[in-house]
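A.B. asks:
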Amino acid sequence: MKNKIFLIFIFIAAFLIRFYNYQYPPLLWDEAALGYNAYSILETGKDEYGQTLPLIFKSFNDYKPGLYVYLALPFVKLLGLNELSIRLPSILIGSLIPIFLFFLILKIDKKNYKLAYIAAILTVFNPFNITYSRLAWETNILTFEIILATYLYFTNKHLWSSLIIGLMLYTYQGGKLSALILIFILFSIYKSKIFTKQFIVPVFLLGLPILYGLLFNNNSNRLKVASLFSYPRSLQETQLIIKESGQLNYNLFHNQLIYFSRNFFQRYFNHFSPEFLTFVGDWQNARHGAPYVGVLLFPSIIFLFLGLFNYKKEQKFFLYWLLLIPLSSAFTRDSVSATRSMSLSIPLMYFTASGIQIFLEKNIKNYLPAGRQAVYCLLFTIYLISFIYWADLYFNHSVKTHPADWLFGYKEVNQYIIKNQKKYPQIYMTDFYGQPYIYYLFYSQYPPKNYQKQAKLIIKSVDSGNIGQIDNIKFAPVSWPLPQNSLSVFSYDEIVRQNLDFKNFKRFGNFYIYEKP
Amino acid sequence: MKNLKLILILTLAIALRFININNYPALNPDEAALGYNAYSLILTGKDEHGISWPLHFKSFGDYKPGGYVYLAIPTIKLFGLTPFATRLPNLIFSIIGIYYFYLLIKLLSKNNNLALISALIITISPWHLHFSRGAWEACTALSFIIIGTYYFFKDRKFLFILFYVLSLYTYHSARIIAPVLGLSLVITNYYLLITNYKKWLLPLFFGILICLPVLFSFFQNGGTTRFGGVGITADRGPLNRSEELLNQHGNVKLVNRVIHNRRLLYLLSWGQKYFSHFNLNYLFINGDEVPRSKVPDMGLLYIIELPLLLYGIYKAKNKFFLIWLFIAPLASSLTFQAPSALRSLPMVIPLIYFIAYGIKEIKKPIIYCLLITVYLISIAYYLDAYYIHYQKRWPFAWNYGFSKIVPYVNSVKNDYDNIYFTNKYDQPYILYLFFSKYPPHDIQKQIKLTPPDKFGFSTVEKIDNITFYIPKQIPDKSLVIDDKMFIP
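In the order they appear, the protein sequences are chains A and B.
Letter 321 of the first sequence, counting from 1, is numbered 321 in the working numbering, and no numbers are missing.
Letter 144 of the second sequence, counting from 1, is numbered 1144 in the working numbering, and no numbers are missing.
1) Would you please state the rounded distance, in angstroms, between the beta carbons of A/Gln435 and A/Asn466? I believe it to be under 8 Å.
2) Taking a Cβ distance cut-off of 9 Å, strictly less, list which residues of the stretch 448-464 of chain A are near chain B, in chain order.
3) With a threshold of 8 Å between beta carbons, is A/Tyr311 in contact with chain B?
4) What's the C-alpha gap between B/Pro1089 and B/Ile1377?
5) For the alpha helix (DSSP H) holding A/Gln266, just list the boundary residues, first then last.
6) Which same chain residues, not among the five before or five after A/Thr278, have their C-beta less than 6 Å away from its C-beta?
7) Tell me which same chain residues have a C-beta within less than 6 Å of the C-beta of A/Ala33, skipping the five on either side of it?
8) Consult DSSP for A/Ser273 and reduce its assignment to one of helix, strand or coil.
9) Can you list the residues of chain E that A/Tyr389 reaches, using a CB-CB cut of under 7 Å?
10) Between which two residues does the beta strand (DSSP E) containing A/Gly465 stretch?
11) In the DSSP assignment, the beta strand (DSSP E) including A/Leu457 goes from what residue to what residue?
12) Scan the stretch 1025-1098 of chain B and note each continuous alpha helix (DSSP H) run of 4 residues or more that stays entirely inside, going in chain order.
13) So which residues on chain A does B/Ser1276 lean against when the C-beta distance must stay under 9 Å?
14) To which residues of the same chain is B/Leu1027 closer than 6 Å at the C-beta, ignoring the five residues directly before and after it?
15) I'd like to know whether the C-beta of B/Lys1493 is nearer than 8 Å to at least one C-beta of chain A.
16) Once DSSP output is grouped into helix, strand and coil, what is the label at B/Val1295?
17) Which stretch, first to last residue, makes up the alpha helix (DSSP H) that contains A/Asn420?
18) Could you check what DSSP says for B/Asn1418 in three-state terms: helix, strand or coil?
19) In chain B, what lies closer than 8 Å to A/Gln266 by C-beta?
20) Does A/Phe125 come within less than 8 Å of chain B when only Cβ atoms are used?
21) By the three-class DSSP mapping on this structure, what secondary structure does A/Tyr320 have?
22) On the premise that A/Phe125 lies in contact with A/Phe387, defined as a C-beta separation below 8 Å, what is that separation, rounded to the nearest angstrom?
23) At the 8 Å Cβ level, is B/Gly1271 part of the contact set with chain A, yes or no?
24) So A/Val336 packs on A/Phe276, CB below 8 Å; how close in whole Å?
25) May I have the straight-line CA-CA distance separating A/Ile470 from A/Pro448, to the nearest angstrom?
26) Determine the extent of the beta strand (DSSP E) in which A/Arg507 is found, giving its start and end residues.
27) Please tell me whether A/Glu244 has its Cβ less than 8 Å away from any Cβ of chain B.
28) Which residue wins for smallest C-alpha separation from B/Leu1334, given the options B/Ile1443, B/Ile1187, B/Ile1176 and B/Arg1393?
29) Work out the CA separation of A/Tyr311 and B/Ser1109 for me, nearest whole Å.
30) Just to confirm my understanding: we take B/Cys1139, look at its own chain, exclude 5 residues before and 5 after, and list those with CB closer than 8 Å. What are they?
31) Since A/Ser349 is in the alpha helix (DSSP H), which residue starts that stretch and which ends it?
32) In its own chain, which residues sit with a C-beta less than 8 Å from the C-beta of A/Ile91, not counting the 5 before and 5 after it?
33) Does chain B have any CB closer than 8 Å to the CB of A/Arg507?
34) Does the stretch 1134-1150 of chain B come close enough to the stretch 1159-1175 of chain B that 3 or more CB-CB pairs lie under 8 Å?
35) Taking all protein chains shown into account, decide if A/Trp480 is buried (16 or more other Cβ within 10 angstroms of its Cβ) or exposed.
36) List, in chain order, every chain B residue whose beta-carbon is nearer than 7 Å to that of A/Phe253.
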C-alpha cells in the first residue's frame, strides 16, 4: 500500500516536471515530421509520401522507425495536431520510467526497497531523463522498452518480453543495435535457457522486416554515413607521419587500425567523462540538453564514483548495461552523443542511487553517528539547489544561448506565413535551418491528401533531403533581388552575407521577414 | 635473488632515463633558468637578478621555488653548465623515488612481488618517465613526498617531516599536496599520534621551524604572485559567463543573481577542472594539452593498463592510496590550465599501485604472457612516439636548435651592431645565457625584466647588443635570427 502511494506520487511528480510548459523548447524537425506523419495516417491511412501504413517512414530520407508515429496516433486524434499531442507519448512514457525502474531493481536486488526508492526519485529529477522525456525523442521510448523487456523477462513472462524486444526494432535507429546486444548478453548472464521457442520465435518474426530492409534496401547507407570507419585519417596527416619516420614505422605504429581504435576509445571514454556527465553535457549538439551542465546533477558524480567503487556481483546486470550501451555511439562519427546513449541514464541512476545508499548507511553509521538528520537535510538541500540550477539553465537559458540550434522562430514565422499566404502569389522561405516544409505542413495542418501528390523529395545526401515547393511557397536559400509582390523569409546569415539592412525586416526568432509590395 | 630483480628494474630505470639525456629533449627555458641560476650562485653567490641566496628565484617573474637550484649546484660544479648537469638531480631523485616506492609498497603490503611489479610499472610508465627526463621540479618534489611517506610508515618522524618540507621548497604544487597528504596521513593513522604524542612534539616543532621561511615568503611578493598568474581566478571564463547568463534574464531578480553568482561559477569551474583529471581520455588517450607535457598520439598511461587499474581498484580497496589519488589533482585543479599532467604528477603513484595490484591478482599464465606482449608493444609505441615523432611534430615545445645557434651567435657577435633574436619561442634570453655560459656578473648589472604579461610572466629583451624580439625596421649592420632563416 505504501508502495502504491509512493509510486503514484513519483508518477505525478515526474509527469508535472515533464509536462510543465510543454511548448518549450520549440518543436524540432523530427518531432514535426513524426507528428505530421501521424496526422497523415489518421486522415488518409498513408504517410506523407502516400505509403500505406509503413513500418519505417521515409520522412527526410532518414527512414524513421515507425513506432512513435503509431504511439502518437490516439493523441493526435484526440487533441489535434499540436505540440502537446506529439510530445505526450514521450512525456507519459518518460514518467513511467522511474516506476518501472523501481520494479526492475526490486526484481534484481532481492527486495532492496531503499535502493529502489532512491533510484526512482533520482530518475524523476535527473536532467538526462527529463530532457529526453519532454520532447518526442524516440530514444526515450527505447530506454523504457529496455527496462520493460528486462522486467518482464525476470518475471518469467518471456513471450511478452520478446514482443517488447521486437518492438525495439521499430523504435529508434541508433540504439537498436546496442539494445539488442545488451539484452542478449544480459540474458545469457542470468539464464542459459534464453533460446526458448517462446522467446526466440517472436523476436525473429518481428525482426524479419528489418532484416529484409537492411539487406535489400538502400537505407542501410545511413549506417555508412554515421559509422566511424567511414572517416579515416586524412591524407595530409598520414603524410606528415610518414615524413616524420618512414613507411615501415607508419605501418607498425600508426596504421588505420590503431587510428580507428584510438578514435573509438576516445568516443567511448567521452561518455564516461566528468564533462559529459556533469559539467558540459553533450558538447556536440546543443539540442541534447541545457547549456553549461551535464546530463546528471552535480552531486551525482560523487555518488556515482562511490556506487561503482562499491560494486557487488549482484549488480552485474547494470554494470554490463553501463559498459555496453555507449558502444553503439562510440562507433559513430560524433565524439559523444547523449541521444544514442540515452539508456545509459538508467545504469547511471542505479549506481548513483547505490552510492547514496552506501553513503547514508555505512559512512554515516561509521563516522557521523550524531548528525544523521543533518546529513539527510544537507544531501537534500544540495540536490535541490543543483536541480534548481539546472532547471533555470534549461528553462531560461537553453534557447537563448543557442537560438539557432533550438530552431527558435519556426512556429511564429509559419503562423505569419499562413496568415498572409493568400496576399502574395510568391513566398520564399529560407531553408537555412533545415526542413522548413515540415513546419509549414505541421502548423497549417495542411491536408495530407493534397500534400501527398506534390511530395517530391530532392535527395541531398544519404540521410537527408528536402522539399522544394508546396503550393506558392518555395523552400530554398533566399537571395536579393526579390520579385514584385512577394514575401520572403531570411535567416540571419543570409542577411549578413548579402549586406542587407536589418531595419527593413520583421523579426521572428531566427527569422527575418521581408514583404515586397 | 630477490635483490637481483630489483637491481634489474633499477638498471632499466636508469637506462630509460639516462639515454641521450644531454641532448634529448632539448633544454627548455625553465630548465635553463634553473641551471643558469645555479651557475650564477656558484660563481657570484647571487642569482641572475643579483639577489644573494634567494629562497625563490625571480627568474621570469614567476618566482621559482629554490630547492632545485640548490640541488643543481653540486652537479653543475662537477660537470659544468650543461643540460646533463642541470637534469642530473632530477634523474637521481626519480630513481631514488622509484626505489622508495618499492620500499613503501613492500612495507605497506608486505608483499615483495607487488612491490616489484609496482616498481617495474612506474619504471616504464610514460607519465613518470616523461617528467624524469628533464629538470622537472615536480618529479623531484614527488620523490621527496614518496620518501617522506615511507618514513612516516617506518615511524621515523623527523625524516618524514624533513622530506615533506623539502618538497615544499622544490615545487609550487607540492605546497598544496604535501601538507594535505601529510595531514591526512596523520589523521588516518591518528592512533600513532595519540599513543605517543610526546614523541611527536619535537618533530612537529622541527617541522614548523623549517617551514617558517616558506610561510614568510607567502606574505612577501614571491609566494603568491604565481597564483595570481596561473590560478583559477586568472581565467575570466566564469566571469563572462555570469554576465552572459544574467543578461539573458529580462529583469534580474535576486534569485538570478544568486544562481549566476560568479563565485558559484568559479566553484563549478574548479569542480570541472578537478574531475577532468579522472577523465579516461586524459589519462589513456590524449594526455595533457600542453605539448611540452606529452608525447604525440599517446595518453599518460598505456591503454592496456585501464582494465588492470579498474580491477586493481576494485580488488585492493586500499584507503590510503585512494585518498592520495583524490588529493593529487588538488593543486592542479586550482590553476586555470587543467588538467595538467605536470601539476597532477603525484596521481601517478596511486594509479601505478592499483595497476600493479591488478596485475598481481591475475592468476592465469596465459593472460600473463598476453599482458607482457601487449606491454612490450606499448613500450615500443611509446618510445617511437617519444624519440621519433615528438621532436618533429612539435619542435617548438622544447626549443630545439638553441644549443647550436648560440655558439654561432657568440662567434659573430662583435661583427654586428645589432643582433635580433626571434622571441617566437618563449624566453630566448635564458637559453642564450645558458648556452653561452654568459658571465653572471655582467648579466646581474644589466638585466631588466619587462612588465609581466597577463599570466604574470616577464622576459628580458636586451643583453649587450642582442635584442630578443624582431623590430619592424631593422637598422644596418644587424643580424636577424628568425625561426627559419638568417638575414645578415
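Cβ coordinates follow ideal geometry from the N, Cα and C atoms, glycine included.
Since the model is a prediction, treat every value here as computed from it, not as a measurement.
C.D. replies: Quick look at the numbers:
1) 6 Å
2) none
3) yes
4) 31 Å
5) Gln256 to Asn270
6) Gly294, Leu296, Phe298 and Ile301
7) Ser59 and Ile438
8) coil
9) You won't find chain E in this structure, because its protein chains are A and B.
10) Ser464 to Ile467
11) Leu457 to Ser461
12) 1029-1044 and 1067-1079
13) Ser273, Pro274, Glu275 and Phe279
14) Pro1083
15) With chain B covering only 1001 through 1488, there is no way to say anything about residue 1493 of chain B.
16) coil
17) Tyr410 to Asn420
18) strand
19) Asn1281, Ile1285 and Asn1286
20) no
21) helix
22) 5 Å
23) yes
24) 6 Å
25) 12 Å
26) Lys506 to Phe508
27) yes
28) B/Ile1176
29) 23 Å
30) Asn1090, Phe1093, Ser1094, Gly1097, His1128, Phe1131, Ser1132 and Leu1345
31) Note that residue 349 of chain A corresponds to Met in the displayed sequence, not to Ser. Start and end: Ser345 to Ile358.
32) Phe15, Arg18, Phe19, Tyr22, Ser133 and Arg134
33) no
34) yes
35) exposed
36) Tyr1381 and Asp1384
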